[in-house]
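First comes the structure, then the notes that go with it.
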Ligand code: NAD
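Residue numbers (UniProt numbering): 1 to 455.
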């Protein structure tokens, strides 16, 4: 039995639906793919995106799933924009080109979409992460089966009501066992979630001999150089670390600040953080969606305090109305012995550590098992970019934080444990779901070109 729990009250609302019979779903999606690949996909996707943007029931279900409204509204807006963008996408035809080696041979080719793509997604941004890979796969001409997290299944039903009949997209309830069963039945998997589950999915995909595109955890650093705009840097770091109550893979989870500006930076950050309240008292910080994650945050806080960290703001898992909450928490006196500097916390914690040289800042930022994204604040764009070039990571926000949450047009490949496979952002996201057949056409009238053995 998997319980569906209300994050605001902690109450169990219902049980998760029993595991779906995947065989007929998979067969139906496969049967629909050829017609979809030949259809005017842009027009259908555009209709879907516009219906989704205007649907109050979907928004309310997302709010019920997550306990927060502002980020749910942002999520719907981002997804609608994403669908609109992909509805205009096509794989450019390369035309016929002569071979550079044998000009009488002309190259042409065709893109072949995977018939069925499986998407498995987490609970922190249920709608966005359920569709972020599904939509480019649909735009490429694939059928798509999505299984969102068992923690946040309420949005599935209103979403499915908006899917046009021509669109071969099914979103189903299910827990990890349904996810595992899906991997056996699809032609490619796009997975977003934790590193341990990502490894399991990659292993199962290897056994099934299908590609797995993995988008996993992060421990994003922010580097704040001397001479940058402190007001801007503190506001951006605060947003980047506490939006969605820090429950984002790309949250800022460690902050390295030049010694010369460390004291004023920490003072300003803590003063701003202290003013950011919980939604249950009219502020912007929603509840912790998954109680298991609240336990992780609590463990990281206890470990940091035991090892000597000072708590400037927040610092507790609070219980209000049955839900669990955490205020923006600024920590100082931190170092890399602490879990809060090394493991993914997934909560609104901002541990701040001073550095003296740029080399030291880069070494600290790269001293991580993760490499999802990062932020650099500098006196000039060039100074920040020079540091960004030395970071082992997939994307760097310059003079801002967390920009990949908003702008999905820049291609990026995560480093280390944060992911594997082609970029989920930018034009390359479409290509992950296509295979290429080349046609090599010999137009020579010579019956015996030099590579045919002499008779
Ligand atoms: P999770 O790994 O526990 O679960 C993710 C999904 O995998 C769920 O739908 C779950 O039901 C499914 N699953 C579980 N076991 C499975 C199995 N054996 N086979 C197939 N599917 C299985 O992750 P979570 O707790 O839901 O999400 C939080 C994690 O997601 C964090 O680590 C976070 O950093 C990561 N995340 C990454 C990105 C990114 O873009 N890189 C974005 C958001 C979240």
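Even for Gly, the Cβ is constructed at its ideal location relative to N, Cα and C.
For this session: Round the Cβ separation of residue 210 and residue 188 to the nearest angstrom and send it over; I've been treating them as touching at under 8 Å.
Result: As a working note, residue 210 is residue 210 in the chain shown. As a working note, residue 188 is residue 188 in the chain shown. Contact flag correct, Cβ pair sits at about 6 Å.
Exercise. Cα separation between residue 491 and residue 267?
Worked result: Nothing can be reported for residue 491, as the shown portion of the chain is limited to 1 through 455.
For this session: Have a look at 9, 106, 270 and flag the residue whose alpha-carbon is nearest the alpha-carbon of residue 313.
Result: The residue given as residue 313 occupies position 313 in the chain shown. Here the closest residue by C-alpha is 270.
Exercise. Buried or exposed: where does residue 442 fall if 16 or more other Cβ atoms within 10 Å of its Cβ makes it buried?
Worked result: Position 442 of the chain shown, counted from the start, is the residue given in the question as residue 442. With fewer than 16 other Cβ atoms within 10 Å, it is exposed.
For this session: Reducing DSSP to helix, strand and coil, say where residue 164 ends up.
Result: Looking up residue 164 in the chain shown gives position 164. Of the three classes helix, strand and coil, the one that applies to residue 164 here is coil, per DSSP.
Exercise. Given that a residue counts as buried once 16 or more other Cβ atoms are within 10 Å of its Cβ, and exposed if not, what is residue 77?
Worked result: Stepping through the chain shown from its first residue, residue 77 is reached at position 77. It is exposed - the Cβ of residue 77 has fewer than 16 other Cβ atoms within 10 Å.
Exercise. I think residue 300 touches residue 332, with their Cβ atoms under 8 Å apart; what is that distance to the nearest whole Å?
Worked result: The count along the chain shown starts at 1 and reaches residue 300 at position 300. The count along the chain shown starts at 1 and reaches residue 332 at position 332. Their Cβ separation, rounded to whole angstroms, is 15 Å, which puts residue 300 and residue 332 out of contact at 8 Å.
Exercise. What are the boundary residues of the alpha helix (DSSP H) that includes residue 353?
Worked result: In the chain shown, the residue the question calls residue 353 occupies position 353. Careful: residue 353 lies outside any alpha helix (DSSP H), inside the beta strand (DSSP E) at 349-355.
Exercise. Going by alpha carbons, who is nearest to residue 392 out of 384, 259, 368, 410?
Worked result: If you number the chain shown from 1, residue 392 lands on position 392. Closest option to residue 392, Cα to Cα, is 368.
For this session: With a threshold of 7 Å, establish whether the CB of residue 478 neighbours any heavy atom of the ligand NAD.
Result: The first residue shown for the chain is 1 and the last is 455, placing residue 478 beyond what the model contains.
Exercise. Residue 101: buried (16+ other C-beta within 10 angstroms of its C-beta) or exposed?
Worked result: Taking the chain shown and counting its residues from 1, the one referred to as residue 101 is at position 101. Counting Cβ neighbours within 10 Å, residue 101 comes out exposed, since fewer than 16 surround it.
Exercise. If you compare alpha carbons, which of 423, 449, 405 is closest to residue 125?
Worked result: Here residue 125 refers to the residue found at position 125 of the chain shown. The residue with the shortest Cα to Cα distance from residue 125 is 405.
Exercise. Helix, strand or coil: which one does DSSP assign to residue 432?
Worked result: Position 432 of the chain shown, counted from the first residue, corresponds to residue 432. If DSSP states are grouped into helix, strand and coil, residue 432 belongs with coil.
Problem set entry | Distance, residue 99 Cα to residue 71 Cα | For this step, residue 71 is matched to residue 71 along the chain shown. For this step, residue 99 is matched to residue 99 along the chain shown. Taking the straight line from one Cα to the other gives about 52 Å.
Problem set entry | Three-state class that DSSP yields for residue 272 in the structure shown | Within the chain shown, numbered from 1, the residue matching residue 272 stands at position 272. The answer is helix: DSSP assigns residue 272 an H, G or I state.
For this session: Figure out for me which residue from 246, 83, 166, 41 has the closest Cα to the Cα of residue 53.
Result: In the chain shown, counting from the first residue as 1, residue 53 sits at position 53. If we check each option's Cα against that of residue 53, 83 comes out closest.
Exercise. So does residue 372 have its beta carbon nearer than 7 Å to some heavy atom of the ligand NAD?
Worked result: Along the chain shown, one-based indexing puts residue 372 at 372. Correct: residue 372 has its Cβ closer than 7 Å to the ligand NAD.
For this session: Compare the Cα-Cα distances from residue 129 to each of 80, 116, 109 and report the closest residue.
Result: In the chain shown, counting from the first residue as 1, residue 129 sits at position 129. The option with the nearest alpha carbon to residue 129 is 80.
Exercise. Okay, do the stretch 131-142 and the stretch 429-440 touch, 3+ Cβ pairs below 8 Å being the bar?
Worked result: yes
For this session: Please classify residue 114: does DSSP put it in a helix, a strand, or coil?
Result: Looking up residue 114 in the chain shown gives position 114. Three-state DSSP puts residue 114 in coil, outside helix and strand.
Problem set entry | Residue nearest to residue 69 in terms of C-alpha spacing, selected from 280, 309, 191, 316 | By 1-based counting over the chain shown, the position of residue 69 is 69. The option with the nearest alpha carbon to residue 69 is 280.
Problem set entry | At least 3 beta-carbon pairs within less than 8 Å: the stretch 172-184 vs the stretch 14-33 | yes
For this session: Give the single residue among 305, 321, 213 whose Cα lies nearest to the Cα of residue 329.
Result: Within the chain shown, the letter at position 329 stands for residue 329. Looking at the Cα atoms, 305 is the closest of the given residues.
Exercise. Per DSSP, residue 370 is paired with what?
Worked result: For the purposes of this step, residue 370 is taken as the residue at position 370 of the chain shown. Per DSSP, 416.
For this session: Pull up the CB-CB distance for residue 288 and residue 347, whole angstroms please, since I reckon it's below 8 Å.
Result: Here residue 288 corresponds to residue number 288 of the chain shown, with the count starting at 1. Here residue 347 corresponds to residue number 347 of the chain shown, with the count starting at 1. Sure, about 7 Å apart at Cβ, within 8 Å.
Exercise. Is residue 183 near the ligand NAD, with its Cβ less than 7 Å from a heavy atom?
Worked result: Taking the chain shown and counting its residues from 1, the one referred to as residue 183 is at position 183. Within the cutoff, so yes.
Problem set entry | Neighbourhood of residue 233 by C-beta, 6 Å cutoff - its chain only, sequence neighbours within 5 removed | For the purposes of this step, residue 233 is taken as the residue at position 233 of the chain shown. Contacts found: 224, 377.
Exercise. Looking at the structure shown, is residue 326 part of a helix, part of a strand, or coil, going by DSSP?
Worked result: Counting from 1 along the chain shown, the entry for residue 326 is found at position 326. Note: residue 326 maps to strand in three-state DSSP.
Problem set entry | Sub-8 Å separation of residue 317 and residue 349 beta-carbons | To locate residue 317, count along the chain shown from 1; it is residue 317. To locate residue 349, count along the chain shown from 1; it is residue 349. No, the pair does not count as a contact, with Cβ atoms beyond the cut-off.
Exercise. Any heavy atom of the ligand NAD closer than 7 Å to the CB of residue 226?
Worked result: Here residue 226 is taken as the residue at index 226 of the chain shown, counted from 1. Outside the cutoff, so no.
Exercise. DSSP state of residue 191, grouped into three classes?
Worked result: What you label residue 191 is simply residue 191 of the chain shown in a count that begins at 1. Residue 191 falls in the strand class under three-state DSSP.
Exercise. What's the C-alpha gap between residue 254 and residue 380?
Worked result: For the purposes of this step, residue 254 is identified with residue 254 of the chain shown, where counting begins at 1. For the purposes of this step, residue 380 is identified with residue 380 of the chain shown, where counting begins at 1. If you take the alpha carbons of residue 254 and residue 380, they lie about 22 Å apart.
Problem set entry | At least 3 beta-carbon pairs within less than 8 Å: the stretch 161-170 vs the stretch 28-43 | yes
For this session: To the nearest angstrom, report how far apart residue 195 and residue 217 are at their CA atoms.
Result: By one-based count along the chain shown, residue 195 stands at place 195. By one-based count along the chain shown, residue 217 stands at place 217. Spanning the two alpha carbons is a distance of roughly 6 Å.
Problem set entry | Whole-angstrom C-beta distance between residue 109 and residue 436, which should lie under 8 Å | Within the chain shown, residue 436 is the residue found at index 436, counting from 1. Within the chain shown, residue 109 is the residue found at index 109, counting from 1. In this structure residue 436 touches residue 109 by the C-beta definition: roughly 6 Å separates them, less than 8 Å.
Exercise. Taking the DSSP output, what are the residues bridged to residue 331?
Worked result: If you number the chain shown from 1, residue 331 lands on position 331. In the DSSP output, where bridge partners are listed per residue, residue 331 has 311, 351.
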